[in-house]
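Visitor:
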Amino acid sequence: RDFLVPIRIDWLAVESDTDLRDGLLRTARRAMSRVPNQQVSIDATGDIPLYLDQLAAHRRNQSRFQWIGYSLVLVVATLMYRSPVPVILVALAPATGIFWATSALRWMGEPANPLSDSVLPILVAIVGVTDGVHLLAHYRDALAQGLGARAAAAKAIEEVAHACFLTSLTTAIGFLSLLWADSELIRGFGRSCAVGVSLAFIAMLTVFPLVASWSWVGRRVPAAKISGRGTDLLEWVLSPFLRRSRVVALIGIGVTVVMSSLLVGLEGDEKRAYGLPSSSPAFQTLQRVDAAFGGIETGQILVTWTERWDDSEELLRVLAEVDQAVHAQPVLGRSLSLTEVSRTMTMAPGSGSFDFVALIPSALRQALYQPRQRQAVVSFRLPDLGVAELEPVFGQVESELSRISAAHPGIELGLTGDGVVRGRRVVRVIDDLKYSLLAAAVVIFSLLAIVLRSWKLGLIAIVPNLFPVAASASALILVGRHLDISAACAFTVCLGIAVDDTIHFLARYQRERELGHDTATAVRLSIHKVGLSLVATTAIMSIGFATVLLSEMPGQRIFGAMAVCTITSALAADLILLPAILLLVDRGKTIEPAPTDS
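Sequential numbering of the sequence shown, starting at -1, is according to this note's numbering.
Put into C-alpha cells, the structure is as follows:
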C-alpha cells in the first residue's frame, strides 16, 4: 500500500540542502502525527534526495578510504622496507606530480571533467609509485655497494630513467590519441591524463634525486642489494614456468585470445543504483517506488501531426495504439495520456470526440496535449533496471511506433524523455571511451616498438598488456555486470598499470641483450633486477585498492575489484607470460647497442 506524491520545489525559498529533504520530511511527518491511530511511514526519493545521499556518501568515502588506504600502504611499505623514510621518498614525487597536474590543468583553463577528477590522481599515483619503486631498488643497491647518497641517486637515475621515460612517453601519447574521440568528455580526459603522466615523469626525475641526494636521507634508507633472499625466492617460484616456456606461452596466448573475444560482447550500461549508497533511505525508497509504481524516471512518446489531423477522432485511436505499444512491454510502467485519462472518465478510449479534453484540469491537459503546436505526449515510468536491459525494450517500442506512423501518414512518433535520453547519452560516452582506449592501446604498442627499436618486442608486448585487461573484462562478465562508467574508468587504470610494468621489464631485458647476453640469460637477469620491484609495487597498490571494496557505493566497489584483478593479473603476465613468450619467440642474435647509448 503505497502513495506517491510529486513535489515541486521553489528554489528561491531554499536556504540549505537540509530544507530539500529533512525539512520536507519533518513537515510531512508532523502533519501526519496529528492523525489519530495512523500507521504510515513517510520517506523521500527522487533526483534531489538521491543526489544528497550520493554526495554525502562520496564525502564520507573520500576521506575514510583515503586515510585507510594511505595508512595500510604506509604500514605495509614500512614493513617491506624496514623504515618509513623509503616510503616517503617514493611517495613525494607522485604527490608532487598530482599537485602539478591539477594546478596546470586549472592554469590551462581545462573545464571540470568527472572522468579526469576521479581517474587522473589514481593514474598519476600508479605511474609515479611504479617508477619510484624501481628507482628505490637501484638506489638501495647502490648504497649497499658503498656509494654515497648523491652518487647512489645518480646511479639509480642512470639505470631506470630510460624505462621511466618510455613509460611516460608511450602512455602520454596513447592518451593524446583520445583527442580524436567524438565526445568532448573523452577528449578532455585524454588531455588531462597526458598532462598528468608527463608531469609525473618530470616530478620523478627531479624530486626523487633531489631528496635522495641528501646525505641525511641516504643514512636513513636501509641499504639492500637487489640480489637477496627475496630475489632468490622469486626466481625459485618462477623457474618451473621458465623451464616449460613453450607450454606456458602457448597456453597464455590462447587464454588471452579467448578472454579478449569476450570484450566484444561487453555492453555499456548506466544505472542509478551503481552510483548510490545501497543503505541510504532515498535508495531504499527508490526500490519501493520501482516495485509499486514502475520507477520515478519517465520516458515520453512525442506525437506530432499535420493540419488535417486536427480534432480528428482518428487521432485518439492513434494515441490508443501508442498506449498499447507501451503496455506490451511488461517492464515499463503504465502510460499517462489522453486515452488513459478518458478511461478514468468512463469514456470509451479511442472513440468519440475531443469534448472530454475540456474537463481535464489545465495543468494536466497542457502536459499531455498542445493542440496549437499539434503535439501530444504519452508518458510512462521507467524502473531502474539499467540501459543495457531497457535498450532492447526501447528498440521494440520504436519499431512499433514506426509501424503505427507508417500506417497513419501525417503522424510522427518519437521516443524521448530524461530516462531514455540520459541513459543513451551515458552509454555513448562509455562506448566512445571503450573504442578510444582500444585505439590508444594500438598507438601505445606501436610507439613501444619504435622506442625499443624492435617491432618484435612491440608485438610481444601486446599479449602481457592485453591479458590483464581481458582478465578484468572476463571477471566483469562472469559476475553479470555490464560496462558502466566506473568500470570504464577502471579499464583506463588497467591500461596504465599493464603498460608500466611491461615497459620496465622489456627495457631491462633489452639492456641485458645489448650487453651480450643470450635470451635465456637476459630473461633471468631481468627477473633478477626488476622482478622484486614489480612484486612490491603490486602488493602496495593491491592493498590500497582493496580498501575500496569496503565502500557503500557499488560503483566504487567494482572499480576497486577490477583494479585489484588487473594489478595481480598484470604481475602474472609480466613475470610468467612475458618471459615465456620471449624465450619462445626472441631467439635472434645479440642486440647491438644503439649508437646514441652511453
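We put the beta carbon where it would ideally sit given N, CA and C, even for glycine.
What is the rounded straight-line gap between the Cα of Asp115 and the Cα of Glu108?
Guide: Locating residue 115 in the sequence shown gives position 117, where the first residue counts as 1. Locating residue 108 in the sequence shown gives position 110, where the first residue counts as 1. Computed Cα separation, rounded: 11 Å.
Visitor: Just to confirm the assignment, what range does the beta strand (DSSP E) spanning Gln373 have?
Guide: Along the sequence shown, one-based indexing puts residue 373 at 375. Unbroken beta strand (DSSP E) run through Gln373: 373 to 380.
Visitor: Please go through the same chain and pick out, in chain order, the residues whose beta-carbon is closer than 6 Å to the beta-carbon of Val127, but skip the five residues on each side of it.
Guide: Translated into positions along the sequence shown, residue 127 becomes position 129. Answer for Val127: Pro92, listed in chain order.
Visitor: I'd like the list of long-range same chain contacts for Leu582, defined as Cβ closer than 7 Å, with 5 residues on each side in sequence excluded.
Guide: The residue given as residue 582 occupies position 584 in the sequence shown. Cβ neighbours of Leu582 beyond the five flanking positions: Ser243, Arg244, Ala247.
Visitor: So Gly266 and His136 are in contact, right, with Cβ under 8 Å, and what is the actual spacing, rounded?
Guide: Translated into the one-based positions of the sequence shown, residue 266 becomes position 268. Translated into the one-based positions of the sequence shown, residue 136 becomes position 138. Between His136 and Gly266 the Cβ distance is about 43 Å, and since that is not below 8 Å, they are no contact.
Visitor: Go ahead and label Trp303 buried or exposed: buried means 16 or more other beta carbons lie within 10 angstroms of its beta carbon, across all protein chains shown.
Guide: Reading the sequence shown from its first residue, position 305 is the one you call residue 303. It is buried - the Cβ of Trp303 has at least 16 other Cβ atoms within 10 Å.
Visitor: How close, in whole Å, do the beta carbons of Leu133 and Phe239 come, if the pair is a contact with beta carbons under 8 Å?
Guide: Indexing the sequence shown from 1 puts residue 133 at position 135. Indexing the sequence shown from 1 puts residue 239 at position 241. The pair is not a contact, with the Cβ atoms about 28 Å apart (cut-off 8 Å).
Visitor: Which runs of the beta strand (DSSP E) fall wholly inside the region 168 to 239 and span at least 3 residues, in chain order?
Guide: For the region 168 to 239, not a single whole beta strand (DSSP E) run of length 3 or above is found.
Visitor: Return helix, strand or coil for Gln298, following the three-state DSSP convention.
Guide: Taking the first residue of the sequence shown as position 1, residue 298 is located at position 300. Correct three-state label for Gln298: strand.
Visitor: Which residue comes first and which comes last in the beta strand (DSSP E) that contains Gly408?
Guide: For the purposes of this step, residue 408 is identified with residue 410 of the sequence shown, where counting begins at 1. Run containing Gly408: none; DSSP gives neither H nor E here.
Visitor: Could you check what DSSP says for Pro347 in three-state terms: helix, strand or coil?
Guide: As a first step, residue 347 must be located in the sequence shown, where it is residue number 349. Model confidence at Pro347 stands at a pLDDT of 49, short of 50, so the residue's coordinates are unreliable and nothing is read from them.
Visitor: Is Asp595 buried or exposed, if buried means 16 or more other CB atoms sit within 10 Å of its CB?
Guide: The residue you call residue 595 lines up with position 597 of the sequence shown. Any answer about Asp595 is weak, because its pLDDT of 49 lies below 50 and its placement is not dependable; what the coordinates show is given next. Under this definition Asp595 is an exposed residue.
Visitor: Candidates Leu476, Asp584, Glu312: which alpha carbon is nearest Arg511's?
Guide: Position 513 of the sequence shown, counted from the first residue, corresponds to residue 511. Ranking the options by Cα distance to Arg511, first place goes to Asp584.
Visitor: Kindly list the residues whose CB is nearer than 8 Å to the CB of Val83, restricted to its own chain and excluding five residues on each side of it in sequence; keep chain order.
Guide: The residue given as residue 83 occupies position 85 in the sequence shown. Cβ within range, chain order: Val215, Arg218, Val219.
Visitor: Label Thr414 either buried or exposed according to how many other C-beta atoms from any shown protein chain fall within 10 Å of its C-beta, with 16 as the threshold for buried.
Guide: Taking the sequence shown and counting its residues from 1, the one referred to as residue 414 is at position 416. Burial call: exposed.
Visitor: Tell me which same chain residues have a C-beta within less than 7 Å of the C-beta of Arg286, skipping the five on either side of it?
Guide: For this step, residue 286 is matched to residue 288 along the sequence shown. Excluding residues within five positions, the ones whose Cβ falls inside 7 Å are Asp0.
Visitor: Do Glu389 and Arg422 have their C-beta atoms closer together than 9 Å?
Guide: Taking the first residue of the sequence shown as 1, we reach residue 389 at position 391. Taking the first residue of the sequence shown as 1, we reach residue 422 at position 424. Yes. Within cutoff.
Visitor: Decide if the region 6 to 22 is in contact with the region 41 to 51; the criterion is three or more beta carbon pairs, one per stretch, under 8 Å apart.
Guide: yes
Visitor: Would you list the residues sitting across from Gly144 in a DSSP beta bridge?
Guide: Position 146 of the sequence shown, counting from 1, holds the residue named residue 144. According to DSSP, which records beta bridges pairwise, Gly144 is partnered with nothing at all.
Visitor: Roughly how many angstroms separate the alpha carbons of Ala150 and Phe199, rounded to a whole number?
Guide: Looking up residue 150 in the sequence shown gives position 152. Looking up residue 199 in the sequence shown gives position 201. Between Ala150 and Phe199, the C-alpha separation is close to 19 Å.
Visitor: Would you give the residue range spanned by the alpha helix (DSSP H) that Arg286 belongs to?
Guide: For the purposes of this step, residue 286 is identified with residue 288 of the sequence shown, where counting begins at 1. Residues 279 to 291.
Visitor: Taking C-beta to C-beta, are Leu314 and Gly194 nearer than 9 Å?
Guide: Here residue 314 refers to the residue found at position 316 when the sequence shown is read from its first residue. Here residue 194 refers to the residue found at position 196 when the sequence shown is read from its first residue. No, Cβ-Cβ distance for Leu314 and Gly194 is not below 9 Å.
Visitor: Across the region 281 to 299 and the region 322 to 338, are there enough close Cβ pairs to call them in contact, namely three or more that are closer than 8 Å?
Guide: The region 281 to 299, when compared against the region 322 to 338, does touch it at the 8 Å Cβ threshold.
Visitor: According to DSSP, is Ser310 part of a helix, a strand, or is it coil?
Guide: Walking along the sequence shown from the start, residue 310 turns up at place 312. If DSSP states are grouped into helix, strand and coil, Ser310 belongs with coil.
Visitor: Express the C-alpha separation of Val301 and Gly348 in angstroms, rounding to a whole number.
Guide: Translated into the one-based positions of the sequence shown, residue 348 becomes position 350. Translated into the one-based positions of the sequence shown, residue 301 becomes position 303. Residue confidence is low: Gly348 scores 46 on pLDDT, short of 50, so the model does not pin down where it sits. Its coordinate-derived value is still stated next. Rounded to the nearest whole angstrom, the C-alpha separation of Gly348 and Val301 is 15 Å.
Visitor: CB-CB under 7 Å to Ala147, same chain, minus the five flanking residues each way: which ones, in chain order?
Guide: Residue 147 sits at position 149 when you count from the first residue of the sequence shown. Excluding residues within five positions, the ones whose Cβ falls inside 7 Å are Ala210, Ser211, Trp212, Ser213, Val215, Gly216.
Visitor: Quick one: Cα of Ser181 to Cα of Ser175, how far?
Guide: Reading the sequence shown from its first residue, position 183 is the one you call residue 181. Reading the sequence shown from its first residue, position 177 is the one you call residue 175. Straight-line measurement puts the Cα of Ser175 at about 13 Å from the Cα of Ser181.
Visitor: Hey, would you say Ala290 sits closer than 9 Å to Leu2, going by beta carbons?
Guide: Counted from its first residue, the sequence shown places residue 290 at position 292. Counted from its first residue, the sequence shown places residue 2 at position 4. Ala290 is a Cβ neighbour of Leu2, given a cutoff of 9 Å.
Visitor: Name the residue from Leu523, Gly384, Leu445 whose alpha carbon lies nearest to the alpha carbon of Val419.
Guide: Counting from 1 along the sequence shown, the entry for residue 419 is found at position 421. Among Leu523, Gly384, Leu445, the Cα nearest to that of Val419 belongs to Gly384.
Visitor: So, at 7 Å on beta carbons, what are the nonlocal neighbours of Pro4 in its own chain, with the 5 sequence-adjacent residues on each side left out?
Guide: Within the sequence shown, numbered from 1, the residue matching residue 4 stands at position 6. No residues qualify anywhere along the chain.
Visitor: Excluding the 5 residues preceding and the 5 following Ser472 in the sequence, name in chain order all residues of the same chain whose CB lies nearer than 7 Å to its CB.
Guide: Indexing the sequence shown from 1 puts residue 472 at position 474. Closer than 7 Å at Cβ, skipping near neighbours: Met257, Leu260.
Visitor: Report yes or no: do three or more beta-carbon pairs, one from the region 517 to 534 and one from the region 558 to 565, lie closer than 8 Å?
Guide: no
Visitor: With DSSP collapsed to three states, give me the class of Gly126.
Guide: Translated into the one-based positions of the sequence shown, residue 126 becomes position 128. Helix.
Visitor: Please work out which residues of its chain come closer than 8 Å, Cβ to Cβ, to Ala488, disregarding the five sequence neighbours upstream and downstream, and give them in chain order.
Guide: Numbered from 1 along the sequence shown, position 490 holds the residue referred to as residue 488. Cβ neighbours of Ala488 within its own chain (closer than 8 Å, five residues either side excluded): Ser470, Ile556, Phe557, Met560, Ala561, Thr564.
Visitor: As a quick exercise: from Thr43, His325, Tyr272, pick the residue whose alpha carbon is nearest that of Ala486.
Guide: The residue you call residue 486 lines up with position 488 of the sequence shown. Ranking the options by Cα distance to Ala486, first place goes to Tyr272.
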